[in-house]
Amino acid sequence: MKPILLYLALMLALVLGACGASNMSTLPEAVSNNAVAYHQPSQTVYSFAGLGAAKDVQAVHAKAYSCSLETNICETLPPLPDGIGRLAATAQTLGDTIYIFGGYRMAGDGAEISTPEVWAFDVKTGHYAHKADMPVPVDDSVSIAYLDRYIYLVSGWHKDDNVVNVQMYDSQTDTWHPATDWPGVPVFGHAGGVVGTVLVICDGVQIIPPKTPEAKRSFTDISACWRGDIDANTPTKITWRHLPTLPGKGNYRMAATGWADRNMILFAGGSNNPYNYDGIGYDKIPSAASAHVWAYDIAADGYVLFKDKPTKTMDHRALIPIGESKFLTVGGMGENQNVLDRLDVFTVHQSPK
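The numbering used here puts the sequence shown at residues 155 to 507.
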């Protein structure tokens, strides 16, 4: 642990910076807690389902959009085929297909019901196909794409509790397989990414059991990162290792991705006050968005803290790398829990000395 902490101290001394924001496109309408994916060959960003600007039950939708980074134009796509509005779904791109997993729908009595469906969207034809349902339906999970074939769903919320399940989907056979369980406290609203065979998952929200039979359970942030090394020969086998804890509170619904050029997993934004779907904290205090940017350096086995990005955002499902150290978020919530209609782009680079 000492080399890791020493590395962190050195990197803090040579602080790196994130700057240079630009709003590339405007979505057809504001959306948050949406499933987001990127098709690199066509340089097109996709958004599926989510929460509209009103932030109420009626604002939960199944709409879909695409935004071309070449033309700077966003368009409305056909919605998810079942028409069921959902929040906290997650998406990954394999080849020319985007896979959309889970999420939760709002019942008439206010209950949140995890959805089992998996939709495959063909970016060439614009058509959806229903794939094998998740064995354990989850929402607010982290999805990880591996070898342009497999997609892992790590922990997340199922029915009325968080789960430790790591579920691996094989896109070639349309089948599900259990992978090595999540070893940490089960969470929802966590974030992570992968480079090569290394994935890193951080933070999220844990459940605190009631102290008395009359009391209710509570939800609180957790500051915890885990590194998982995928077995190259057996993709269902993951060797997990608890990483040192960063100072301060944990973060909820950050944007995150693997940064292959720098051999890092990058995290941005989020909030340190866990909240309900409308951005109001479980403690009844409006949650504040963050502009923090940081990473886990795989080779150095330590953290790197970057200068804050120009805009504060939260309620993300993904962070999109678009080259030349540039990254973007799609929608989300900004200051005062406002739902955004923007594609926010920021550049990560070394600060002037």
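A virtual CB, placed ideally from N, CA and C, is assigned to each residue, including glycine.
query = Apart from the five residues just before and just after A245, which ones in its own chain have a Cβ nearer than 8 Å to its Cβ?
reply = Here the set comprises A189, V190, A191, Y200, F202, I252, Y253, I254, F255, S297, R471 and A472.
ask   = Can you find a CB in chain C that lies within less than 7 Å of the CB of P428?
value = Going by chain labels, chain C is absent from the structure shown, which holds only one protein chain.
key: Same chain, Cβ closer than 7 Å to I452, neighbours up to 5 away in sequence not counted   = Hits under 7 Å: V349, V352, N417 and M418.
inquiry  = Tell me the DSSP secondary structure of G213 in three-state form.
reply    = Contrary to the premise, residue 213 reads as Ala rather than Gly in this sequence. If DSSP states are grouped into helix, strand and coil, A213 belongs with the helices.
N316 (DSSP reduced to helix, strand or coil) = Strand, per DSSP.
inquiry  = Let me make sure I understand the geometry here. Which of P195, N187, T180 and S186 has the alpha-carbon closest to that of I476?
reply    = Here the closest residue by C-alpha is P195.
key: Chain-order list of residues whose beta-carbon lies under 7 Å from that of S176 (same chain, five-residue window excluded)   = At S176 the pLDDT is 44, less than 50, meaning the model places this residue with poor confidence; the figure from the coordinates comes in the next sentence. If the five residues before and after S176 are omitted, its C-beta is found closer than 7 Å to the C-beta atoms of V499, all from its own chain and listed in chain order.
query = What's the call for D276, buried or exposed, on a 16-neighbour Cβ count within 10 Å?
reply = Counting C-beta atoms within 10 angstroms of its own C-beta, D276 has fewer than 16 neighbours from the protein chains shown and is therefore classed as exposed.
key: Residues near D462 by beta carbon distance below 7 Å, same chain, minus five either side   = Shown here for D462: same chain residues with a beta carbon closer than 7 Å to its own, the five before and five after excluded, namely A172, A445, H446 and V447 in chain order.
task = Closer than 8 Å by C-beta to P337: which residues in its own chain qualify, once you throw out the five before and the five after it? Chain order, please.
result = Here P337 has V318, W380, W394 and H396 as same chain residues with Cβ atoms under 8 Å from its own Cβ, once five neighbours each way along the sequence are excluded.
query = For V447, which residues does DSSP report across the bridge?
reply = Note: V447 is bridge-paired with A422 and F460 in the DSSP secondary-structure output.
ask   = Can we say the region 177 to 186 touches the region 232 to 239, given the rule of at least three CB pairs closer than 8 Å?
value = Segments in contact, no.
task = Have a look at L497 and V308 and give me their C-alpha separation to the nearest angstrom.
result = About 26 Å.
task = Drop a sphere of 10 angstroms on the beta-carbon of G423, count the other beta-carbons inside from all chains shown, and report buried for 16 or more, exposed for fewer.
result = By the neighbour-count criterion, in which a residue is buried when 16 or more other Cβ atoms sit within 10 angstroms of its Cβ, G423 is buried.
ask   = For G435, which option in T399, R407 and Y457 has the closest C-alpha, if you only look at C-alpha atoms?
value = Looking only at T399, R407 and Y457, the smallest Cα-Cα distance to G435 is reached by R407.
query = Taking DSSP as the reference, what is the three-state secondary structure of D250?
reply = Per DSSP, reduced to three states, the secondary structure at D250 is coil, with no helix or strand assignment.
request  = Can you say whether K278 is buried or exposed, counting buried as having 16 or more other CB atoms within 10 angstroms of its CB?
outcome  = K278 counts as exposed, since fewer than 16 other beta carbons sit within 10 angstroms of its beta carbon.
query = Under a Cβ-count criterion, where at least 16 other Cβ atoms within 10 Å of its own Cβ denotes burial, should N405 be classed as buried or exposed?
reply = Result: buried.
task = With distances taken Cα to Cα, identify the nearest neighbour of V502 among N490, E489, M487 and L459.
result = Answer by Cα proximity: L459.
ask   = Using a Cβ-Cβ cut-off of 6 Å (strictly less than) and excluding sequence neighbours within five positions of Y429, which residues of its own chain qualify?
value = Within the same chain, and ignoring the five residues on either side of Y429 in sequence, the residues whose Cβ sits closer than 6 Å to its Cβ are G435 and S441.
task = Pull up the distance between the alpha-carbon of T390 and that of T327, whole angstroms please.
result = Using only the alpha carbons, I get a separation of about 15 Å.
inquiry  = Assuming A243 is part of the beta strand (DSSP E), what are its boundary residues?
reply    = For A243, there is no enclosing beta strand (DSSP E), since its DSSP letter is neither H nor E.
Distance between A369 and T198 (C-alpha atoms, nearest Å) = Just so you know, the alpha carbons of T198 and A369 end up roughly 48 Å apart.
inquiry  = Threshold first: 3 residues or longer. Then list the beta strand (DSSP E) segments lying entirely within the region 284 to 329, N to C.
reply    = Complete beta strand (DSSP E) runs here, min 3: 296 to 300, 304 to 308 and 320 to 324.
message = According to DSSP, is A184 part of a helix, a strand, or is it coil?
response = If DSSP states are grouped into helix, strand and coil, A184 belongs with coil.
ask   = Rounded to a whole number of angstroms, what is the C-alpha to C-alpha distance between S268 and A286?
value = Roughly 15 Å separates the two Cα atoms.
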